[in-house]
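Following the UniProt record's numbering, the numbering of the sequence shown begins with 1 at its first residue and continues without gaps.
Report on one structure; see the data block that follows.
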Amino acid sequence: MTTNNRTKIIYCTTLLVVVLSLMMTVGVQGADDLFLVVRPSSSSPMKRSLDSFYMLPKAKINLLGGDEVHAHVHYDETTNKTGWALLSLTTNPDETDADQAFAAGFVEGYVTANLMETYWPGFNNASYTPSLDPQLNQFLDDNLRFMRRKIAESRNGNTNEKLYWTHVGLVLDQVEGLYAGYLKKMAEQFKTPTLTLLEMLKFQVAADTDDLYSKWQPTNFDNMSKEEIEKYTLLHTRCTAFIKYSEDKKNLFLTHATWAPYQYMLRIYKHYRINFKDTPAKLVSFSSSPGWLASGDDFYITSAGLIVTETTNSIYNQTLYNYVTSETVLYWMRNIVANRLANSAKEWTELFAKYNSGTYNNQWMIIDTKKFVPGADKSDPELFYILEQIPGDCMSASMSHILDERYWPSFNLPYFSYIFNVSGYPEKLKKYGDFFSYDKCPRAKIFKRDAPSVNTIEDVKKLIRYNDYQHDPLSLGDACHQIASRCDLNPGGSAFGAIDAKVTDIAFARRNFAFAQSGPTHDQEPVFKWNNVNSPANPHPGQPVEFDFNWVSMAPIY
Numbered sequence: 001m002t003t004n005n006r007t008k009i010i011y012c013t014t015l016l017v018v019v020l021s022l023m024m025t026v027g028v029q030g031a032d033d034l035f036l037v038v039r040p041s042s043s044s045p046m047k048r049s050l051d052s053f054y055m056l057p058k059a060k061i062n063l064l065g066g067d068e069v070h071a072h073v074h075y076d077e078t079t080n081k082t083g084w085a086l087l088s089l090t091t092n093p094d095e096t097d098a099d100q101a102f103a104a105g106f107v108e109g110y111v112t113a114n115l116m117e118t119y120w121p122g123f124n125n126a127s128y129t130p131s132l133d134p135q136l137n138q139f140l141d142d143n144l145r146f147m148r149r150k151i152a153e154s155r156n157g158n159t160n161e162k163l164y165w166t167h168v169g170l171v172l173d174q175v176e177g178l179y180a181g182y183l184k185k186m187a188e189q190f191k192t193p194t195l196t197l198l199e200m201l202k203f204q205v206a207a208d209t210d211d212l213y214s215k216w217q218p219t220n221f222d223n224m225s226k227e228e229i230e231k232y233t234l235l236h237t238r239c240t241a242f243i244k245y246s247e248d249k250k251n252l253f254l255t256h257a258t259w260a261p262y263q264y265m266l267r268i269y270k271h272y273r274i275n276f277k278d279t280p281a282k283l284v285s286f287s288s289s290p291g292w293l294a295s296g297d298d299f300y301i302t303s304a305g306l307i308v309t310e311t312t313n314s315i316y317n318q319t320l321y322n323y324v325t326s327e328t329v330l331y332w333m334r335n336i337v338a339n340r341l342a343n344s345a346k347e348w349t350e351l352f353a354k355y356n357s358g359t360y361n362n363q364w365m366i367i368d369t370k371k372f373v374p375g376a377d378k379s380d381p382e383l384f385y386i387l388e389q390i391p392g393d394c395m396s397a398s399m400s401h402i403l404d405e406r407y408w409p410s411f412n413l414p415y416f417s418y419i420f421n422v423s424g425y426p427e428k429l430k431k432y433g434d435f436f437s438y439d440k441c442p443r444a445k446i447f448k449r450d451a452p453s454v455n456t457i458e459d460v461k462k463l464i465r466y467n468d469y470q471h472d473p474l475s476l477g478d479a480c481h482q483i484a485s486r487c488d489l490n491p492g493g494s495a496f497g498a499i500d501a502k503v504t505d506i507a508f509a510r511r512n513f514a515f516a517q518s519g520p521t522h523d524q525e526p527v528f529k530w531n532n533v534n535s536p537a538n539p540h541p542g543q544p545v546e547f548d549f550n551w552v553s554m555a556p557i558y
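Given below as structure tokens:
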């Protein structure tokens, strides 16, 4: 596969074929199910120009003869009804892995093209600093060169390295397919594309950039007041998670709330069934956003029996950023590769730790549902692992015994003493108090008080959406200091908080099934409405005006 071929895929199209494609798809623009057909079928789709690709409903396949279906996508744009768009896709297992990756990206790029264009302005405003674009663009270029060099070198290397770098290459193929599908849709609509291939890549790396910016523009924490450093930390760390057995230990629950700028609230729940050869997880289901191939939240269920999630930790020791270089693999890529290749919780941690970029430094939690035994007195050590990452290092261990003793909470503070100390938390704890204490911060105390009463999936839903800051003394009167933060409710508040919640249990996860709710919590607090926020400072095109949504069942179609 040459650079010229890839360029041809992305940029070559003709008016004649655009007109033909429009004629063939007339009347199906709102269709839920479309198939990617490549003509002629004898050539790899990655070696064809855009005029060889057709997105057709089933009834129109085989009209010209010799058609070959490479992927099938089901897409529902239900944002204004449920708070989520829904996407399921599957690929043809008879095709090569590279062609399947490209096809998976293509069908998603095609059906979500308009949503990506709508999402980009608000996302870009919340994610990127224009003055740092030259450094970021150079870093991404250097990083791509490094990965492509390693992919080429691995072809003659050992089996494990070859498999790893092959899958890195497949993710890059999927990104290129995503952009090609986007361009195809723009051409059919006679619209000039507003997104570049670089911007398609920026969808992927958004979570990594916060630490890259910290490397290039270090933050001076020394002179911050208590209020300033708490606000900084809240706005630069993300998420709450919780794992617990039912009282009889016949079930195990996992839940996660994404904390993010409200400009991120244009959401898609995705199910990718990509039938790569010899890959444990053919199906990965996850909460996500337009243009993102990873979750970013992160919340995943894989057909290898794994549930994967995380919350973010901060880095206060600026010297650690010396370990951040372009000759690593960024978080988003390592995450996708680990989800596809891991068959156990421990294996996931080993895969994810490879080529650590030191960006998006999280506490990861991985449950292996295959190791769950209902009612067992003692958990299998392989049931539950955590991994904590800092620039230059990762630390992981089984935490199954903790689940036997109580529950597992996660709230943006490191568990491992080594990670806590090296990251610079002890100085902050001494100077600013319990906000930086693993045992005494507000969410730790709330979990300690409320977790014992959680025994059903409905209990879990209530816990992960909990925010009663006006009446809960543990919140210290701050709407951010809750399980589901609502920083917008504080005086002069920020458009930041828990923008969703996801819940699953063992039985549901074994079917890649979860429940999800979009938007800031409104269990105890008022429904979030954009007209109550300074909207010009927070562009949010395409979002509902208010987020009065219920829980939604999320299940794959393929």
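Quick reminder that beta carbons are idealized off the backbone N, C-alpha and C, glycines included.
- Taking F435 as the centre and dropping the five residues before and after it, the same chain places the C-beta of E230 and C441 closer than 7 Å to its C-beta, in chain order.
- Judged by DSSP in its simplified three-state form, A498 adopts strand.
- R149 sits in a helix when the DSSP states are folded into three classes.
- Check the Cα spacing between T166 and each of V324, S295, R340 and S289: the tightest is with R340.
- In the DSSP assignment, M265 falls outside any beta strand (DSSP E) and carries neither an H nor an E.
- Closest option to W292, judged by alpha-carbon separation, among N317, S344, G305 and I336: I336.
- When the five nearest sequence neighbours on each side are left out, the beta carbons in the same chain lying within less than 7 Å of the beta carbon of W332 are those of Q204, V205, A207, D208 and A294, in order along the chain.
- Straight across, the Cα-Cα distance linking P374 with K461 is about 22 Å.
- As computed with DSSP, T209 is found in no beta bridge at all.
- The alpha-carbon of R267 is positioned some 15 Å away from that of A514.
- At the C-beta level, T258 and C239 come within 8 Å of one another.
- Taking the CA atoms as reference points, L387 sits about 38 Å from S535.
- For the pair F35 and F146, the Cα-to-Cα distance works out to about 35 Å.
- Out of K502, Q517, F496 and R511, the CA that lies nearest to the CA of V533 is found in F496.
- T194 and E176 have their C-alpha atoms spaced approximately 16 Å apart.
- About 30 Å separates the beta carbons of D472 and I315, which is beyond the 8 Å limit, so they are not a contact pair.
- Here E350 carries a helix assignment [DSSP, helix/strand/coil].
- When secondary structure is reduced to three states using DSSP, E382 falls in the coil class, being assigned neither helix nor strand.
- For G109 and K445, the gap between their C-alpha atoms comes out near 44 Å.
- Residue environment for L144: exposed (fewer than 16 other C-beta atoms within 10 angstroms of its C-beta).
- For L170, the enclosing alpha helix (DSSP H) has its first and last residue at T159 to E188.
- The shortest CA-to-CA distance from F276 to any of T319, A103 and A187 is the one to A103.
- For P193, DSSP records no beta bridge to any residue.
- Note that the C-beta distance between Q263 and N125 is below 8 Å.
- Taking a cut-off of 8 Å on C-beta distances, the segment 220-228 does not touch the segment 469-486, as fewer than three cross pairs fall below it.
- In terms of CA proximity to P290, A113 leads the group N538, L476, Q482 and A113.
- Rounded to the nearest whole angstrom, the C-alpha separation of K370 and G305 is 6 Å.
- The beta-carbon distance between A501 and Q517, rounded to whole angstroms, is 5 Å. This is short enough to meet the 8 Å contact definition.
- With distances taken between CA atoms, L198 lies nearest to L178 out of H481, T311 and L178.
- In this structure, S344 lies near D368, with their beta-carbon atoms less than 8 Å apart.
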